[in-house]
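Take a look at the structure set out below.
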Amino acid sequence: MGKTPQNKQKKQKMDKRRVFSVIICVLLALALLLPLLSTAILNAGAVTQAELREQISGLKGAAGEATAKKKELQEQLNAVQNDKAQAMRKKELLAQQLAAIDAELANTQSQIDTYTQLIVAEEQALEEAQNRETAAYDRFCQRARSMEESGDISYWSVLFSASDFSDLLDRLAMVDLIMEYDNSVVDALVTARQEVEATLASLNEARTGLEEQKAQQELQRAEQASKVAESQAVLDELKQSEANWEALVAAADAEEERIAKELAKKEKELERKIAEGQITFDPGTGYLYPLPASYTRITSVFGPRTHPITGKYHNHSGTDIPAPGGTSVKSVKGGVVVTSAYAPSSYGEYVVVNHGNGITTLYAHMQRGSRKVKEGDIVSQGQVLGLVGSTGSSTGNHLHLELRKNGVRQNALTMFPSMSFQLPD
5 MGKTPQNKQK
15 KQKMDKRRVF
25 SVIICVLLAL
35 ALLLPLLSTA
45 ILNAGAVTQA
55 ELREQISGLK
65 GAAGEATAKK
75 KELQEQLNAV
85 QNDKAQAMRK
95 KELLAQQLAA
105 IDAELANTQS
115 QIDTYTQLIV
125 AEEQALEEAQ
135 NRETAAYDRF
145 CQRARSMEES
155 GDISYWSVLF
165 SASDFSDLLD
175 RLAMVDLIME
185 YDNSVVDALV
195 TARQEVEATL
205 ASLNEARTGL
215 EEQKAQQELQ
225 RAEQASKVAE
235 SQAVLDELKQ
245 SEANWEALVA
255 AADAEEERIA
265 KELAKKEKEL
275 ERKIAEGQIT
285 FDPGTGYLYP
295 LPASYTRITS
305 VFGPRTHPIT
315 GKYHNHSGTD
325 IPAPGGTSVK
335 SVKGGVVVTS
345 AYAPSSYGEY
355 VVVNHGNGIT
365 TLYAHMQRGS
375 RKVKEGDIVS
385 QGQVLGLVGS
395 TGSSTGNHLH
405 LELRKNGVRQ
415 NALTMFPSMS
425 FQLPD
């Protein structure tokens with residue numbers, strides 16, 4: 005027998021309910037997935053923050069090693085502090101201590117830079133968490149308004165108003181989904197609030213760490229200045245003895261010779277890479293004077309000279325140009341940095357730049373920690389390399405400038421033929 009019209013209508017009604025139930029399920033599923041997708045995005049960002057915190061942890065470990073080395077050197081320095089015969093040893097130990105302080109300062113600066121990156125990441129994460137909290141709160145308010153507008157009908161009343169058993173099963177399924185959705189709305193709001201609180205706590209922790217490192221940096225700079233003054237006092241003590249001066253000059257010459265050999269090896273490899281196009285730069289036009297044009301007095305020229313203290317023959321490897329401490333030292337041409345280092349017995353803080361075609365320039369005795377470039381950097385003509393100082397074998401603020409062509413030292417003043425210099429008598 006065929007189905008009666010009443011049965012057909014009942015079946016169509018049940019089909020509509022099932023379709024409606026499916027639509028409700030899909031909409032609720034999408035609503036539930038949104039917080040999960042947001043959380044996945046948060047976790048993807050958290051990897052970078054975790055990496056930054058790991059970097060900070062590693063830097064703190066390295067800082068401890070530098071501090072321990074500095075302490076060890078201080079103990080050695082204390083052992084020879086009152087022995088005038090050990091002045092050379094004191095100078096050497098102080099130079100090593102300064103190098104350890106430099107390592108601490110570099111480490112602290114790296115921590116400051118990393119904390120700064122972490123704070124940016126945490127601020128972005130906080131903004132995203134706050135947006136998720138706002139969205140969760142809006143969903144909660146919408147659901148509350150919806151329940152209010154519906155007359156605050158209970159789940160039981162929905163079930164008891166079913167027309168038959170099949171309708172009851174459909175309503176029971178919908179009530180389960182709606183209850184699950186209501187619970188998820190509340191859970192999402194609680195989770196979002198917890199994320200905001202946790203992210204804010206991480207952000208404040210990073211800000212505290214940044215401020216601590218900045219304070220540490222100031223202490224390290226003060227310690228550095230104290231050690232520089234102590235080193236100068238030891239140097240002044242050494243000047244009182246001709247024998248000590250001869251030892252200092254010999255140490256400086258030996259260190260310069262060692263550096264020259266190292267430069268020759270590095271420059272050969274750089275020249276090859278430049279010729280093959282692996283390294284490219286714009287050398288600029290002509291030669292730019294490395295200091296302000298008003299500083300044209302020369303205190304020591306390139307070439308053989310009588311040493312002002314020992315009175316003996318000595319070969320000066322560059323040209324000395326006095327200038328106030330802190331004056332910017334600029335690259336005479338564009339090029340690639342061959343070396344950026346510290347040589348305690350000779351050049352002090354120094355930078356060497358290869359300009360191509362076998363030409364290099366060296367800038368020495370710059371202020372402690374003032375070097376602005378590192379080995380391998382590409383620099384432009386006129387770029388600041390560091391600041392005028394008196395580190396290494398130096399008795400006052402000045403720039404020691406060297407010019408090399410194919411590894412052979414030349415008179416650096418030939419780079420500036422249009423300038424008039426005040427040469428020493």
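If you read the sequence shown in this note's numbering, its first letter stands for residue 5, the second for the next number, and so on.
All C-beta atoms in this analysis are idealised placements derived from N, C-alpha and C, irrespective of residue type, glycine included.
Taking a cut-off of 8 Å on C-beta distances, the region 323 to 330 does not touch the region 353 to 364, as fewer than three cross pairs fall below it. The Cβ atoms of L389 and V377 sit closer than 8 Å to each other. Straight through space, the alpha carbons of T203 and Q101 are spaced by roughly 40 Å. As summarised for the region 324 to 364, the continuous beta strand (DSSP E) elements at least 3 residues long and confined to that stretch are 332 to 334, 339 to 347, 352 to 360, given in chain order. Taking C-beta atoms as the reference points, Q221 and T71 fail to come closer than 8 Å.
Beta-carbon to beta-carbon, V238 and L98 are separated by about 6 Å, close enough to satisfy the 8 Å threshold. For V377, no beta strand (DSSP E) segment is defined, and its DSSP state is neither H nor E. The region 326 to 337 makes contact with the region 402 to 421: 3 or more CB pairs, one atom from each, lie closer than 8 Å.
Annotation for E108: A67, A70, T71, K74, Q224 place their beta carbon closer than 8 Å to its own, counting only its chain and skipping 5 residues before and after.
M419 carries a helical assignment under DSSP once its states are collapsed to helix, strand and coil.
Per DSSP, reduced to three states, the secondary structure at V253 is helical. The three-state reading of DSSP puts G281 in coil, since its state is none of H, G, I, E or B. Per DSSP, G393 lies in no beta strand (DSSP E) segment and is marked neither H nor E.
A distance below 8 Å separates the beta carbons of Y346 and A103.
Bridge partners of V412 according to DSSP: K409. Scanning Y119, G213, T289 for the CA closest to the CA of G386 turns up T289. For the set I263, F306, Q371, the Cα lying nearest the Cα of R413 is the one of F306. S61 and A125 have their C-alpha atoms spaced approximately 17 Å apart.
With 16 or more other Cβ atoms from the protein chains shown falling within 10 Å of its own Cβ, K95 counts as buried.
Residue pairing by DSSP puts L366 in a beta bridge opposite V356, E406.
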